[in-house]
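In terms of the UniProt record's numbering, the sequence shown is residues 1 to 540. All C-beta atoms in this analysis are idealised placements derived from N, C-alpha and C, irrespective of residue type, glycine included. On a predicted model such as this, the values are computed, not experimentally measured, just so you know. Here's the structure we're looking at; comments come further down.
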Amino acid sequence: METDGTSISKAEEFKLQANEAFNARKYSQAIDLYTQAIELNSRNAVYWANRAFAHLRLEEYGSALQDATKAIEVDPKYSKGYYRRGAAHLAMGKFKEALKDFQQVKKMCPNDPDATKKLWECEKAVTKLKFEEAIAAPESKKHSIAESIDFHSIGKGRNSSVSTEMAIAAVTVAVVAAVVMLFRTSVTTVVAAIMVGLLLLLGAYWWSGCNTDVEPQYSGARIEGDVVTLDFVKKMMDDFKNQKSLHKRYALQIVLQMREMLQALPSLVDINIPDAKHFTVCGDVHGQYYDLLNIFELNGLPSEENPYLFNGDFVDRGSFSLEVILTLFAFKCMSPSAIYLARGNHESKSMNKIYGFEGEVRSKLSDTFVELFAEVFCCLPLAHVINGKIFIVHGGLFSVDGVKLSDIRAINRFCEPPEEGLMCELLWSDPQPLPGRGPSKRGVGLSFGADVTKRFLQDNNLDLVVRSHEVKDEGYEIEHDGKLITVFSAPNYCDQMGNKGAFIRFEAPDLKPNIVTFSAVPHPDVKPMAYANHFLRLFS
1 METDGTSISK AEEFKLQANE AFNARKYSQA IDLYTQAIEL NSRNAVYWAN RAFAHLRLEE
61 YGSALQDATK AIEVDPKYSK GYYRRGAAHL AMGKFKEALK DFQQVKKMCP NDPDATKKLW
121 ECEKAVTKLK FEEAIAAPES KKHSIAESID FHSIGKGRNS SVSTEMAIAA VTVAVVAAVV
181 MLFRTSVTTV VAAIMVGLLL LLGAYWWSGC NTDVEPQYSG ARIEGDVVTL DFVKKMMDDF
241 KNQKSLHKRY ALQIVLQMRE MLQALPSLVD INIPDAKHFT VCGDVHGQYY DLLNIFELNG
301 LPSEENPYLF NGDFVDRGSF SLEVILTLFA FKCMSPSAIY LARGNHESKS MNKIYGFEGE
361 VRSKLSDTFV ELFAEVFCCL PLAHVINGKI FIVHGGLFSV DGVKLSDIRA INRFCEPPEE
421 GLMCELLWSD PQPLPGRGPS KRGVGLSFGA DVTKRFLQDN NLDLVVRSHE VKDEGYEIEH
481 DGKLITVFSA PNYCDQMGNK GAFIRFEAPD LKPNIVTFSA VPHPDVKPMA YANHFLRLFS
């Protein structure tokens, strides 16, 4: 259909308004305005590419991919179409596809230093990915790193079965044997060499034990024995607040105890709230540790009398993700009924590699902890039900009707999230205003309407769905005729969205949701995404 001059002019007005909304970080409003411009003039590639950019800001990577592809179809010579599509591919972890788009950008803009830099970074990422794929062990041959570690033996170097005197003697004899080697026959030399190897190994064993000691000068939080106490957690939280570290020995103990505890839980956990008692549900925290402290300031610390559920996405993007996860894990170790934890889509290797948690753990702890956290995340439950009436999940509902709670309980969750199926949809899906089902704006999972929510609740004798997974301006949103609530607990997400955070308090027996909103608090000058994949930071 031909576009007349009036429509073109009006479309440009909408584009200018959309640009203003985008610059004001009102990305949803910008999308609506770009959409109106597209409806008037769908043959302008700029509108499609700009809307793709707004979708990228909202982490709607599937929609961004579609819009960028459309921009390319409208104008194959428009370089920003390839640029936006490459960014979407990158955010979804599809480095090889991203590389193709940035190669095209470089071909079209050979003298653009920005295009050159991004292509170079993308080539490095793809090379690294190929190397990791080449050296990776098959899943069937992988062994649990957690099962090879005994935290009881860490930090006890001088309590080793090898005494100080014996170790010193071993090293002394090894040195004497080495001297003898210089003056004896070849047979004697061989015997002496064996002695040197064995005795030096014995001495090295003792000295390595010393190196794992909790150093006398360490002034941070300490776990006495095997029991994580409230005093320890408070001290650890205060240390974290002051940007001090927890000793690796105690971090390891917390994570290993957490793994053992989570392994025993079902994939769907039932929670019972006695009459006159309350329960708090929080959404995504995303490494915003100081906002987590604010939640506890507003609502009290987790305890058996003040229990919480944190509904996934504890880590990534925010640069205090390690502090967040160790705090939540420590409370769970302290009192299992004080805090419940659900898996989000960011509790996965692929997300952690891109969005910062892997880099943060490697920087603050070690590679061993990277693998250990990946194992523990695979043990997190997928959903919770409060008093048989409120279904709580990170993402959303399913691509098929008739899913029962028993189906969720039966999911084998001890793996990385698959790209389809019930587990994937629990972690990734989003509600939509229209009835029925539609493609996911994220490129994973699906979108589902109020009718889907209603049928799921009826099939399982439930009253309400609570989920997280999406930034909301007020920290929450009530949808689907009041039967679905989204709660998001990371205010001013990534230091740029300007949103509030929220949590929900339920009190038995009526379980009426009481929603509390809050604003962001200051944090040390460590930017979000500080530990993220370097290539991704170029687009942030």
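Pairing Gly-395 with Asn-345 gives a Cβ-Cβ distance under 8 Å.
Taking the Cβ atoms as the reference, Pro-274 lies roughly 43 Å from Ala-532, outside the contact range of under 8 Å.
In the DSSP assignment, Ser-406 falls within the alpha helix (DSSP H) that extends over 405 to 409. Leu-464 carries a strand assignment under DSSP once its states are collapsed to helix, strand and coil. Distances from the CA of Asp-473 to each of Thr-453, Lys-441 and Ser-519 were compared; the closest alpha carbon is that of Ser-519. Counting every other CB atom within 10 Å of its CB across the protein chains shown gives Val-526 a total below 16, marking it as exposed. The stretch 470 to 487 and the stretch 253 to 263 do not touch, with fewer than three beta-carbon pairs separated by less than 8 Å. In this structure the stretch 103 to 116 does not touch the stretch 510 to 518; the number of beta carbon pairs closer than 8 Å is below three. Cβ-Cβ distances below 7 Å link Thr-368 to Ile-145 in the same chain, with the five nearest sequence neighbours on each side left out; the list follows chain order. The beta strand (DSSP E) runs lying completely inside the stretch 215 to 300 and spanning 3 residues or more are 268 to 271 and 278 to 282, given in chain order. Nearest neighbour of Lys-277 by Cα position, chosen from Asn-306, Gln-288, Gly-283 and Tyr-250, turns out to be Asn-306. Contact between the stretch 355 to 365 and the stretch 433 to 449 is absent, with fewer than three C-beta pairs closer than 8 Å.
Secondary structure of Ala-71 (DSSP, three-state): helix. Cβ-Cβ distances below 7 Å link Val-521 to Tyr-290, Asp-291 and Asn-294 in the same chain, with the five nearest sequence neighbours on each side left out; the list follows chain order.
Per DSSP, Pro-113 lies in no beta strand (DSSP E) segment; the continuous alpha helix (DSSP H) that holds it begins and ends at 113 to 135. Boundaries for Gly-93: no beta strand (DSSP E) harbours it, and the DSSP string shows neither H nor E there. For Val-452 and Phe-398, the gap between their C-alpha atoms comes out near 8 Å. When only Cα atoms are considered, Ala-450 and Leu-457 end up about 11 Å apart. Contiguous alpha helix (DSSP H) elements confined to the stretch 423 to 488 occur at 450 to 459, taking only those with 4 or more residues.
Contact check for Leu-464 against Ile-390 passes: the beta carbons are separated by less than 8 Å.
Within the model, the alpha-carbon separation for Arg-343 versus Cys-109 is close to 43 Å. For the pair Ala-71 and Gly-86, the CB atoms are not nearer than the 8 Å cut-off. With respect to Ala-330, Val-400 sits apart: the two C-beta atoms are not nearer than 8 Å. Taking the Cβ atoms as the reference, Ser-321 lies roughly 29 Å from Arg-409, outside the contact range of under 8 Å. Below 8 Å, too few C-beta pairs join the stretch 420 to 434 and the stretch 37 to 50 to call them touching: fewer than three. Per DSSP, Glu-323 is one residue of the alpha helix (DSSP H) stretching across 321 to 334.
Looking at the DSSP output, Ser-303 shares a beta bridge with Asn-306. Assignment of beta-bridge partners to Tyr-340 by DSSP yields Leu-309. If you draw a straight line from the Cα of Leu-16 to the Cα of Leu-58, it is about 20 Å long. The C-alpha of Glu-477 lies about 43 Å from the C-alpha of Phe-131. Secondary structure of Asn-514 (DSSP, three-state): strand. Residue burial is scored here from C-beta neighbours: Glu-20 has fewer than 16 other C-beta atoms within 10 angstroms and is therefore classed as exposed.
DSSP, reduced to helix, strand and coil, places Glu-347 outside both helices and strands of the structure shown, so it counts as coil. Between the alpha carbons of Ile-504 and Gln-263 lies a gap of roughly 27 Å.
Counting the other Cβ atoms within 10 Å of the Cβ of Arg-413 gives 16 or more, which makes it buried. Here Ser-350 is near Gly-93, since their CB atoms are less than 8 Å apart.
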